[in-house]
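To start, the structure under review is shown below, and the notes come after it.
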Amino acid sequence: MDRITLRKPDDFHVHLRDGPAMGHVLADTARQFARAIVMPNLKPPIRTTTQALNYYERIMGALPEGTTFEPLMTLYLTDDTAPEEISRAKLSGHVHAVKLYPAGATTHSDGGVTRLSRCFRTLERMEELGFPLLVHGESTDPSIDVFDREKAFLEETLGPTLDRFPGLKVVLEHITTRDAAQFVEVTGPNVAATITAHHLLMNRNALFMGGIRPHHYCLPVLKREEHREALVEAATSGNPKFFLGTDSAPHARATKETGCGCAGIYTAHAAIELYAIAFEEAGALGKLEGFASQYGAHFYGLPLNKDKLTLVREEWQVPHTMAFGDDVLVPLRAGETVPWKLA
Numbered sequence: 097m098d099r100i101t102l103r104k105p106d107d108f109h110v111h112l113r114d115g116p117a118m119g120h121v122l123a124d125t126a127r128q129f130a131r132a133i134v135m136p137n138l139k140p141p142i143r144t145t146t147q148a149l150n151y152y153e154r155i156m157g158a159l160p161e162g163t164t165f166e167p168l169m170t171l172y173l174t175d176d177t178a179p180e181e182i183s184r185a186k187l188s189g190h191v192h193a194v195k196l197y198p199a200g201a202t203t204h205s206d207g208g209v210t211r212l213s214r215c216f217r218t219l220e221r222m223e224e225l226g227f228p229l230l231v232h233g234e235s236t237d238p239s240i241d242v243f244d245r246e247k248a249f250l251e252e253t254l255g256p257t258l259d260r261f262p263g264l265k266v267v268l269e270h271i272t273t274r275d276a277a278q279f280v281e282v283t284g285p286n287v288a289a290t291i292t293a294h295h296l297l298m299n300r301n302a303l304f305m306g307g308i309r310p311h312h313y314c315l316p317v318l319k320r321e322e323h324r325e326a327l328v329e330a331a332t333s334g335n336p337k338f339f340l341g342t343d344s345a346p347h348a349r350a351t352k353e354t355g356c357g358c359a360g361i362y363t364a365h366a367a368i369e370l371y372a373i374a375f376e377e378a379g380a381l382g383k384l385e386g387f388a389s390q391y392g393a394h395f396y397g398l399p400l401n402k403d404k405l406t407l408v409r410e411e412w413q414v415p416h417t418m419a420f421g422d423d424v425l426v427p428l429r430a431g432e433t434v435p436w437k438l439a
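Numbers in my numbering are just positions in the sequence shown, counted from 1, shifted up by 96.
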């Protein structure tokens, strides 16, 4: 197969940043995706509907002329998020979910939730309204090994939360383990998961090939090969509980190549091409459209996109660096050849 035509896909997890930096990365996402769930972990974070709507306007104002793209906004859950804020978000028409960052779990999560029990009234309102909770599923207990934090979160936090709120819509984002894939498979239809291209393509060896590879560092961190294989199996299974979310997270090179580097991998420059590589390696290119263009929209209650996107088998080289605000970023597979290209 040398040509693939898909219904235009959606990205159900992306970081667009803000200001001049956003201006350099937004076009990559808008070129490939009709819609994207936009993460709220700016500085300061997007905590209210008013802030989300203002951010929406900034995104729309930064789009290249003639681009058709819809940002799907989210709120940053805190210990103090009121149920009334959820109602306002639902009524806004532009805010589609609430993001749970356990405090300290990842980039710009210091203002996140310290104890989920403090949010029970808000979660109850979300359950009533069918408003999705998007979960960064990692324990922040420092005694737990970094490679076990996703599994611990499922057992200690998410499982008991779903027992208490059995109708709550949950997206377990950027899953990285067999444990997470199995958890999603056996829970109800109100629980789904996104899977990134980089977790489909790499295991934790990629962090150390030829030395420390800071541009392969993300959270949740890459796992063993057996877990990567489980993610590929889930993504290519045709199970509608698994769908595309890039977690494309741009960081300036200087903040990655440093003594305490930021977590995040930039993939928006070649997102759908990278997914095509993973699906082709699994012999499942025919399953890509459902994963990329249908299942997520169904879960969020959105209409399917009418436009199409075509990939052709044509080699191209990923640039070594890309502009990012006043600095540059290093994209995934920088300097390497990618075999698929947007027509």
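We put the CB at the ideal spot given by N, CA and C, even for glycine. Small disclaimer: the values here were computed from a predicted structure and weren't measured.
For a quick check, are the C-beta atoms of residue i and residue j less than 8 Å apart?
{"i": "Ile368", "j": "Pro167", "result": "no"}
{"i": "Leu296", "j": "Ala374", "result": "yes"}
{"i": "Ser188", "j": "Thr218", "result": "no"}
{"i": "Ser344", "j": "Tyr362", "result": "yes"}
{"i": "Ile291", "j": "Phe338", "result": "yes"}
{"i": "Glu234", "j": "Phe249", "result": "yes"}
{"i": "Ile100", "j": "Thr406", "result": "yes"}
{"i": "Pro399", "j": "Ala117", "result": "no"}
{"i": "Met135", "j": "Ile182", "result": "no"}
{"i": "Val414", "j": "Gly431", "result": "yes"}
{"i": "Gly263", "j": "Asn286", "result": "yes"}
{"i": "Gly207", "j": "Thr174", "result": "yes"}
Which residue comes first and which comes last in the beta strand (DSSP E) that contains residue i?
{"i": "His232", "result": "From DSSP, His232 is part of no beta strand (DSSP E); its letter is neither H nor E."}
{"i": "Val408", "result": "Lys404 to Gln413"}
{"i": "Leu156", "result": "Looking at the sequence itself, residue 156 is Met, so the reference to Leu does not match. Premise fails: Met156 lies in the alpha helix (DSSP H), Thr145 to Ala158, not in any beta strand (DSSP E)."}
{"i": "Tyr172", "result": "Glu166 to Tyr172"}
{"i": "Ile271", "result": "Per DSSP, Ile271 belongs to no beta strand (DSSP E) and is neither H nor E."}
{"i": "Phe339", "result": "Phe338 to Leu340"}
{"i": "Ala288", "result": "Val287 to Ile291"}
{"i": "Ile142", "result": "That residue, Ile142, is in no beta strand (DSSP E); it is neither H nor E in DSSP."}
{"i": "Ala132", "result": "Arg131 to Val134"}
Round the Cβ separation of residue i and residue j to the nearest angstrom and send it over; I've been treating them as touching at under 8 Å.
{"i": "Asn401", "j": "Arg103", "result": "6 Å"}
{"i": "Ala193", "j": "Pro228", "result": "4 Å"}
{"i": "Val480", "j": "Leu258", "result": "Only positions 97 to 439 of the chain appear in the structure, and residue 480 is not among them; the question remains open."}
{"i": "Thr332", "j": "Ala378", "result": "5 Å"}
{"i": "Val121", "j": "Phe420", "result": "7 Å"}
{"i": "Tyr197", "j": "Met169", "result": "Actually they do not touch by this definition, with Cβ atoms about 16 Å apart."}
{"i": "Ala126", "j": "Leu159", "result": "6 Å"}
{"i": "Pro316", "j": "Thr272", "result": "4 Å"}
{"i": "Ala277", "j": "Ala326", "result": "5 Å"}
{"i": "Val408", "j": "Ala366", "result": "About 14 Å; that fails the 8 Å criterion."}
{"i": "Ala293", "j": "Val280", "result": "18 Å between Cβ atoms; not a contact."}
Which one of the options has the shortest CA to CA distance from residue i?
{"i": "Cys215", "options": "Glu246, Val242, Val191 and Arg260", "result": "Arg260"}
{"i": "His312", "options": "Leu428, Glu329 and Arg320", "result": "Leu428"}
{"i": "Lys352", "options": "Glu223, Ala430, Pro262 and Val426", "result": "Val426"}
{"i": "Val209", "options": "Lys383, Arg143 and Asp403", "result": "Arg143"}
{"i": "Asp244", "options": "Lys319, Trp436 and Thr174", "result": "Lys319"}
{"i": "Ala62", "options": "Phe279, Gly119, Arg113 and Phe108", "result": "Nothing can be reported for residue 62: it is not among the residues displayed for the chain, which extend from 97 to 439."}
{"i": "Leu138", "options": "Glu281, Tyr172, Gly119 and Ala132", "result": "Tyr172"}
{"i": "Glu321", "options": "Arg300, Arg113, Glu269 and Met222", "result": "Arg300"}
{"i": "Glu180", "options": "Val328, Glu224, Gly355 and Thr164", "result": "Glu224"}
{"i": "Glu376", "options": "Gly360, Gly431 and Trp436", "result": "Trp436"}
Taking the continuous alpha helix (DSSP H) assigned at residue i, which residues delimit it?
{"i": "Met298", "result": "Premise fails: Met298 is in no alpha helix (DSSP H) and is neither H nor E."}
{"i": "Arg127", "result": "Gly115 to Gln128"}
{"i": "Asp449", "result": "As shown, the chain starts at 97 and ends at 439. That puts residue 449 outside it, with no answer to give."}
{"i": "Leu187", "result": "Pro179 to Ser188"}
{"i": "Lys247", "result": "Arg245 to Phe249"}
{"i": "Ile373", "result": "Ala367 to Glu377"}
I need the DSSP call for residue i, collapsed to helix, strand or coil.
{"i": "Ser213", "result": "helix"}
{"i": "Pro310", "result": "helix"}
{"i": "Ser389", "result": "helix"}
{"i": "Glu325", "result": "helix"}
{"i": "Met97", "result": "coil"}
{"i": "Arg103", "result": "strand"}
{"i": "Asp423", "result": "strand"}
{"i": "Thr433", "result": "strand"}
{"i": "His347", "result": "coil"}
{"i": "Met418", "result": "strand"}
{"i": "His109", "result": "strand"}
{"i": "Leu400", "result": "coil"}
{"i": "Lys195", "result": "strand"}
{"i": "Ala439", "result": "coil"}
Any heavy atom of the ligand SAH within a distance shorter than 7 Å of the CB on residue i?
{"i": "Lys139", "result": "Among the components modelled here there is no ligand, and therefore nothing to report on the ligand SAH."}
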